[in-house]
Amino acid sequence: MRNATSAPATSYYDYIIVGGGTSGCPLAATLSQNANVLLLERGGSPYGNDNITNLSAFGQALSDLSPTSPSQRFISEDGVISARGRVLGGGSCLNAGFYTRAATSYVAGAGWDGRLANKSYDWVERVVAFQPPMLEWQSAVRAGLVEAGVVPDNGFTYDHLPGTKDEYCDSPRKKRIKIYLSRRESDSRRGRSRPLAHGVTFRDASGVKHKAYLSNGRKNEVIISAGALGSPQLLMLSGLGPADHLKAHNITLVLDLPLVGQGMADNPMNAVFIPSPVQVEVSLIQVVGITNFGTYIEAASGENFSGPRDYGMFSPK
Numbered sequence: 001m002r003n004a005t006s007a008p009a010t011s012y013y014d015y016i017i018v019g020g021g022t023s024g025c026p027l028a029a030t031l032s033q034n035a036n037v038l039l040l041e042r043g044g045s046p047y048g049n050d051n052i053t054n055l056s057a058f059g060q061a062l063s064d065l066s067p068t069s070p071s072q073r074f075i076s077e078d079g080v081i082s083a084r085g086r087v088l089g090g091g092s093c094l095n096a097g098f099y100t101r102a103a104t105s106y107v108a109g110a111g112w113d114g115r116l117a118n119k120s121y122d123w124v125e126r127v128v129a130f131q132p133p134m135l136e137w138q139s140a141v142r143a144g145l146v147e148a149g150v151v152p153d154n155g156f157t158y159d160h161l162p163g164t165k166d167e168y169c170d171s172p173r174k175k176r177i178k179i180y181l182s183r184r185e186s187d188s189r190r191g192r193s194r195p196l197a198h199g200v201t202f203r204d205a206s207g208v209k210h211k212a213y214l215s216n217g218r219k220n221e222v223i224i225s226a227g228a229l230g231s232p233q234l235l236m237l238s239g240l241g242p243a244d245h246l247k248a249h250n251i252t253l254v255l256d257l258p259l260v261g262q263g264m265a266d267n268p269m270n271a272v273f274i275p276s277p278v279q280v281e282v283s284l285i286q287v288v289g290i291t292n293f294g295t296y297i298e299a300a301s302g303e304n305f306s307g308p309r310d311y312g313m314f315s316p317k
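Once you know that position 194 of the sequence shown is 194 in full-length UniProt numbering, the rest is easy, because the numbers rise by one and skip nothing.
In structure tokens form, the structure reads like this:
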């Protein structure tokens with residue numbers, strides 16, 4: 001992992017991945033087993049940042065509005081406050097995520113190979129996931145969910161099942177990967193004969209432009225993995241998107257794709273803050289209730305959720 005200021009002016013790779021988030025990082029790790037991979041991330045490193053790696057500091061990154069914050073707050077056109085990851089690791093560095101296998105119906109509906117999915121689960125469960133200690137608060141949450149009818153009590157399991165279960169948490173753990181942290185947006189470079197991406201240009205923190213091209217290979221690819229917001233933005237900056245929208249922003253049209261950037265939606269979230277008369281342990285998501293209609297009920301605890309901090313998407317106000 002290097003700052004993009006150290007990147008050569010021109011370089012060549014088998015795969016170029018733009019976006020080092022929850023999808024881009026494992027994709028780069030997998031491809032690098034047999035290929036040379038460049039992973040570009042606009043944010044900084046999560047290592048050494050206590051707001052990311054320290055459990056008791058959870059939420060502070062969401063209240064950090066500085067230009068170098070790992071969290072980039074934004075407000076949607078209909079007034080919803082949210083945040084984007086701006087750090088290597090993406091949203092997984094900001095949220096209180098837990099690990100669970102996908103439901104078998106989801107895997108089938110997505111058209112995935114179930115055997116390959118199971119192999120992926122085996123790797124994650126061996127390398128990334130771990131069993132957290134179950135202390136008083138999370139134990140009480142588990143008992144409360146079962147008492148409220150979020151049943152059955154599935155105990156400690158990987159499987160995505162309706163009811164209440166204990167969860168695995170995410171844990172941070174050299175192949176042929178180069179990771180550049182650029183802090184600037186990228187766009188694709190296209191061949192002249194037809195609209196086929198063969199590289200990217202990006203600027204480092206000093207504003208210096210760099211070019212990365214695909215090596216000569218039949219299966220080499222530029223892969224956009226910049227999230228639900230960043231991916232359509234990069235496509236449109238590269239001339240791929242709704243023609244009228246690109247024209248309005250003086251972007252040269254390469255290919256009219258009317259659906260790029262359209263139909264954005266997210267799941268609603270409600271946060272309830274409950275003052276405790278006694279001190280409770282600091283904990284994130286260790287128990288989850290999955291209802292029959294598909295909602296998740298989760299709980300976190302600790303004094304890091306008290307006080308005047310503004311977390312943006314959820315705040316004790």
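C-beta atoms are modelled at their ideal positions from N, C-alpha and C, and glycine is treated no differently. These numbers come from a predicted model, not from an experiment.
- By the neighbour-count definition (other C-beta atoms within 10 Å, threshold 16), Ser276 is an exposed residue.
- By DSSP's assignment, Thr164 forms a beta bridge with Asp153, Gly289.
- Runs of the alpha helix (DSSP H) spanning 4 or more residues and lying entirely within the stretch 105–151 occur at 114–127, 136–147, in chain order.
- Within the same chain, and ignoring the five residues on either side of Asp64 in sequence, the residues whose Cβ sits closer than 8 angstroms to its Cβ are Asn51, Pro70, Ser71.
- Bridge pairing for Leu38: Ile16, Lys178 [DSSP].
- Between Val287 and Val141, the C-beta gap is smaller than 7 angstroms, which places the two residues in contact.
- Cα atoms of Tyr106 and Ser6: separation of roughly 42 angstroms, rounded to the nearest angstrom.
- Judged by their CB atoms, Val280 and Ser301 are nearer to each other than the 7 angstroms cut-off.
- For Ser71, the enclosing beta strand (DSSP E) stretches over residues 71–75.
- About 14 angstroms separates the beta carbons of Ile17 and Ser215, which is beyond the 8 angstroms limit, so they are not a contact pair.
- The criterion of a C-beta distance shorter than 7 angstroms is not satisfied by Ala96 and Leu62.
- Of the candidates Gly109, Leu246, Tyr99, the residue whose Cα lies closest to the Cα of Phe130 is Tyr99.
- Beta bridge pairing from DSSP links Ile52 with no other residue.
- Nearest to Gly59 by alpha-carbon distance, out of Ala28, Leu40, Leu94, Ser32, is Leu94.
- Per DSSP, the continuous alpha helix (DSSP H) segment holding Ala248 begins and ends at 243–248.
- Taking the CA atoms as reference points, Asp244 sits about 12 angstroms from Leu259.
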